[in-house]
Amino acid sequence: MTHSLRKKAVGVAVMLGLAAASLAPLQASATTYDLGVNPSFADTVTYKVKGTFEDLFTFTLNPAADLAAQGVALNFTKFSNITGGTFQLFSGIPGSKQATSIGTSVSLNNIEHDYFKLSSGDYFFNVRGKVDGTGGGSYIFSLVATPVPEPGEWALLLSGLGLIGTMIRRRSRSLGA
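Mapped onto mature numbering (1 follows the signal peptide of the UniProt record, and there is no 0), the consecutive letters of the sequence shown carry residue numbers -30 to -1, 1 to 147.
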């Protein structure tokens, strides 16, 4: 009697395990990409299984910079498809309580981009969506950080232009005399 009870208990446990596994959402990916300091990045991210994904692209700006970012889902009929894809910029470190959203979510389903003027610090993009193509899905994500000149650099540039203007004026006067 104990042997058949044990078989039944194992059978019930296996069935419950299979049922729980079928209820769990499919996860295509959850990857963090460290892009370093003042990044210039473009890449295609591909998933071969259906499910949701949430990718983080972390980077640091030093000094302040203008940032341009773009994300595009590569949807080809039902074979390669991503639905509900978005990207959004955050300041801070992923998972920390100090991470705050900058701007709004931008769709991956259109060729859209976003521009930001940012101070130096840590930032990350959160890219998420659902892969539902029979062959998976792909998206392209790119960003470029361009450092903003500091006030001292502007002053040096303007004083140099002033000196060049003075030299040109003196030369034109000496040639005219």
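Beta carbons: idealized from backbone N, C-alpha and C, even for Gly.
Taking a cut-off of 8 Å for Cβ pairs, the segment 80 to 100 and the segment 12 to 22 touch, as three or more such pairs fall below it. Taking the Cα positions, Gly55 is about 28 Å away from Ser90. As a beta-bridge residue in DSSP terms, Ile110 pairs with Thr14, Val42. With distances taken between CA atoms, Ala43 lies nearest to Ile52 out of Arg141, Tyr93, Arg143, Ile52. For Ile63, there is no enclosing beta strand (DSSP E), as DSSP marks it with neither H nor E. The C-alpha of Leu31 lies about 6 Å from the C-alpha of Val7. Burial of Ala39 is indicated by the presence of at least 16 other C-beta atoms within 10 angstroms of its C-beta. Under DSSP, Arg98 takes part in a beta bridge, and its partners are Glu24, Thr56.
A straight line joining the alpha-carbon of Ser61 with that of Pro33 spans about 15 Å. When rounded, the separation of the alpha-carbon atoms in Asp36 and Thr70 is 18 Å. Of the candidates Tyr93, Thr116, Pro9, the residue whose Cα lies closest to the Cα of Gly65 is Tyr93. Ala12 counts as exposed, since fewer than 16 other beta carbons sit within 10 angstroms of its beta carbon. About 57 Å separates the CB atoms of Gly132 and Ser50; that is not less than 8 Å, and the two are not in contact. When beta bridges are read from the DSSP output, Gly103 appears opposite Gly106. Assigned with DSSP and collapsed to three states, Ser50 falls in strand.
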